[in-house]
Amino acid sequence: MQICRCVNFLHLHICTFAHLYIKNMTLEILTPDKKVYEGEATSVTLPGTLGFFEILNHHAPIISTLQDGKLVVRGAGKEEVFFIQGGVVECLNNVVTVLAEGITTK
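The working numbering puts the first residue of the sequence shown at 5, with every later residue one more than the last.
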């Protein structure tokens, strides 16, 4: 995090938190065999064991189990769909990591 050296408090506040609105979150989808996806995303919809949920940019830290189902990655005006066979997801510091037991692409 870069902090501007300014006397104006408002300018200091804007410079300190500007990085929150510029960068999309980073997403990795991994299986025991390989890395399936790595890149930036604006949102990820996941099949949680208690139902589908979505992770957006700057989501609060979370760890959740996943069931078999459709995983949707959105970003840069496009959408990619994967079908996973269970796993877990972790979101921490704007990095989302999906560890899937198995995966197929649509």
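By construction, the Cβ of each residue, glycine as well, lies at the ideal position given by its N, Cα and C atoms.
None of the values given here were measured: they were computed from a predicted structure.
Between asparagine 61 and asparagine 97, the gap from beta carbon to beta carbon reaches 8 Å or more. Secondary structure of threonine 35 (DSSP, three-state): coil. Under the three-state reduction of DSSP, threonine 49 is assigned to strand. For the stretch 71-99, the full-length beta strand (DSSP E) segments reaching 3 residues or more read 73-79, 82-88 and 91-96 along the chain.
Taking the C-beta atoms as reference points, glutamate 42 is found no nearer than 8 Å to isoleucine 67.
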